[in-house]
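Take a look at the structure set out below.
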């Protein structure tokens, strides 16, 4: 899917979030990477095969 040189990480790679952003809709809270992964504002992900990856817990300040 990726047309970049060197190619971006594939969707199944641990560093998949490093792929190039090809569509961005901040008003809707998501962006599409060139490897087919949809990233959401809450850090959740939708994989090209339909699997969802839950949002990562934020490392907020312990007060």
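Numbering (our numbering), first residue to last: 885 to 947.
Quick reminder that beta carbons are idealized off the backbone N, C-alpha and C, glycines included.
Given the structure is predicted, the values throughout are model-derived calculations rather than measurements.
Per-residue DSSP class, three states only, for residue i
| i | result |
| --- | --- |
| residue 895 | coil |
| residue 939 | coil |
| residue 902 | helix |
| residue 928 | coil |
| residue 921 | coil |
| residue 909 | strand |
heavy atom of the ligand HEM below 6 Å from residue i C-beta
| i | result |
| --- | --- |
| residue 898 | This structure lacks the ligand HEM; in fact it carries no ligand of any kind. |
Cβ pair residue i, residue j closer than 7 Å
| i | j | result |
| --- | --- | --- |
| residue 900 | residue 890 | no |
| residue 895 | residue 922 | no |
Outcome for residue i when other beta-carbon atoms lying within 10 angstroms are tallied against a minimum of 16
| i | result |
| --- | --- |
| residue 907 | exposed |
| residue 903 | buried |
Residue-chain proximity (residue i, chain B), Cβ-Cβ < 7 Å
| i | result |
| --- | --- |
| residue 935 | Any reference to chain B falls outside this structure, which holds one protein chain only. |
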